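J.: Structure provided below as structure tokens; questions to follow.
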Ligand code: MG
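Here is the structure:
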């Protein structure tokens with residue numbers, strides 16, 4: 065009980081501080097509440113580990129006999145809610161894409177990113193591969209806007225599929241989940257094959273949608289020991305869909321996830337899943 069009381073007290077202090085620091089008259093009530101929620105979630109982050117330069121290892125290899133459908137969860141289906149508005153970058157944000165160039169991004173080999181730019185948006189060029197930030201990141205607050213094609217083709221995982229991979233391996237799913245049933249832990253707002261979104265806040269195909277994310281990187285100790293798992297909080301179109309969800313390891317298409325030690329900072333990657341999904345107004349704030 066003492067621990068719980070202390071957590072509640074600390075959480076209240078963090079919430080109070082966040083609201084106090086935010087000028088409600090300037091930025092509006094919705095923004096103030098969002099900033100307070102994010103400060104609260106950031107307060108739950110573990111202390112950075114003193115260990116440096118853990119050994120880089122490859123992501124987990126899928127198990128031989130597992131099938132993709134073995135790890136699909138279809139129930140419960142999140143209920144549909146109506147989302148709200150958009151947010152601009154805070155003054156301390158690192159702009160990753162402002163609509164004009166891909167200088168902050170590369171392909172998987174460090175070469176020029178192969179996606180197109182038009183109308184202030186960057187769009188997947190099918191077959192060109194994912195794009196990743198040239199800068200590595202650990203704990204971050206990320207804002208990103210995305211749009212699935214207005215012309216609906218295919219269904220399930222084949223409709224407007226992309227994804228945002230934190231540290232190149234933890235995927236927040238991007239998908240057209242507007243009247244498009246698929247497994248719940250693979251729809252928009254899911255942490256792929258790990259966490260079903262709390263609700264379905266999806267906008268219609270062809271409309272711009274937002275993710276606001278607080279990502280806490282996992283911590284590794286000596287010999288690659290996991291000291292603390294990663295955590296992720298996600299607002300989809302301003303609606304909470306992941307609340308400090310614990311990452312079980314890299315998000316896999318097949319098989320059960322398990323951690324493998326990796327560097328403290330790694331690129332954020334946007335997935336080429338063959339669908340012309342667009343992104344714009346991408347900014348990040350480093351935390352801690
Ligand atoms: Mg995806």
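In the numbering used here, the protein residues as written are 65 to 352. Beta carbons are placed, not taken as given, at the ideal position from N, Cα and C, and that holds for glycine. Bear in mind that the values here come from a model prediction, so they are computed numbers and not experimental data.
Is residue 270 closer than 8 Å to residue 211 when the C-beta atoms are compared?
T.: Locating residue 211 in the chain shown gives position 147, where the first residue counts as 1. Locating residue 270 in the chain shown gives position 206, where the first residue counts as 1. Cβ distance < 8 Å, so residue 211 and residue 270 count as in contact.
J.: Can you tell me whether residue 176 is buried or exposed? The criterion is at least 16 other CB atoms within 10 Å of its CB, across all chains shown.
T.: Here residue 176 refers to the residue found at position 112 when the chain shown is read from its first residue. Under this definition residue 176 is an exposed residue.
J.: So residue 274 is in the beta strand (DSSP E); what residue range does that whole segment cover?
T.: Here residue 274 corresponds to residue number 210 of the chain shown, with the count starting at 1. 273 to 280 is the span of the beta strand (DSSP E), which, as asked, contains residue 274.
J.: Please report the straight-line C-alpha distance between residue 343 and residue 134, rounded to a whole angstrom.
T.: One-based indexing of the chain shown puts residue 343 at position 279. One-based indexing of the chain shown puts residue 134 at position 70. Approximately 31 Å between the Cα atoms of the pair.
J.: Express the C-alpha separation of residue 136 and residue 326 in angstroms, rounding to a whole number.
T.: Looking up residue 326 in the chain shown gives position 262. Looking up residue 136 in the chain shown gives position 72. Approximately 27 Å between the Cα atoms of the pair.
J.: Verify whether the separation of the beta carbon atoms of residue 305 and residue 299 is less than 8 Å.
T.: As a first step, residue 305 is located in the chain shown; it is residue number 241 there, counting from the start. As a first step, residue 299 is located in the chain shown; it is residue number 235 there, counting from the start. Contact flag set, yes.
J.: Can you give the beta carbon distance from residue 348 to residue 181, rounded, assuming they're within the 8 Å contact cut?
T.: Here the question's residue 348 lines up with position 284 in the chain shown. Here the question's residue 181 lines up with position 117 in the chain shown. About 19 Å separates the two Cβ atoms, so there is no contact after all.
J.: Beta carbon of residue 358: closer than 7 Å to some heavy atom of the ligand MG?
T.: What the structure shows of the chain is the stretch from 65 to 352, and residue 358 is not part of that stretch, so it cannot be assessed.
J.: Which value, in whole angstroms, describes the spacing of the CA atoms of residue 164 and residue 313?
T.: Mapped onto the chain shown, residue 164 falls at position 100. Mapped onto the chain shown, residue 313 falls at position 249. Residue 164 and residue 313: Cα-Cα distance of roughly 35 Å.
J.: Just to confirm, does residue 237 get its C-beta within under 7 Å of one of the non-hydrogen atoms of the ligand MG?
T.: For this step, residue 237 is matched to residue 173 along the chain shown. Yes, the Cβ of residue 237 comes within 7 Å of a heavy atom of the ligand MG.
J.: At a cut of 8 Å, does the region 222 to 238 reach the region 196 to 213 through at least three beta carbon pairs?
T.: Yes: the two stretches touch, three or more of their Cβ pairs being nearer than 8 Å.
J.: Confirm the yes/no value for this check: CB of residue 335, any heavy atom of the ligand MG, distance under 7 Å.
T.: Here residue 335 is taken as the residue at index 271 of the chain shown, counted from 1. Answer for residue 335: yes, Cβ within range of the ligand MG.
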